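Numbering (the working numbering), first residue to last: 77 to 149.
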């Protein structure tokens with residue numbers, strides 16, 4: 077936990093922004109959204125990117141497993 081009050085955290089949306097950026101492992105770059113609308117859009121894109129990568133990975137693994145099971149019969 078941070079010691080003392082962070083002068084850069086002004087409300088709930090700053091906390092949500094920090095949590096999504098941290099959990100998605102996007103990081104804390106030099107260029108970042110500062111408006112609430114920009115942050116909401118960025119969070120949606122981050123979460124959409126995670127969904128796309130995980131969905132693509134799941135499809136690829138399922139295809140490989142099905143091909144392997146079909147070759148063993």
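We put the CB at the ideal spot given by N, CA and C, even for glycine. If you're wondering where the values come from, they're calculated on a predicted model, not measured in any experiment.
- A straight line joining the alpha-carbon of residue 83 with that of residue 110 spans about 15 Å.
- Between the alpha carbons of residue 100 and residue 114 lies a distance of about 17 Å.
- The criterion of a C-beta distance shorter than 9 Å is satisfied by residue 103 and residue 97.
- About 7 Å separates the CB atoms of residue 119 and residue 93; that is less than 8 Å, so the two are in contact.
- The DSSP-derived three-state label of residue 109 is coil.
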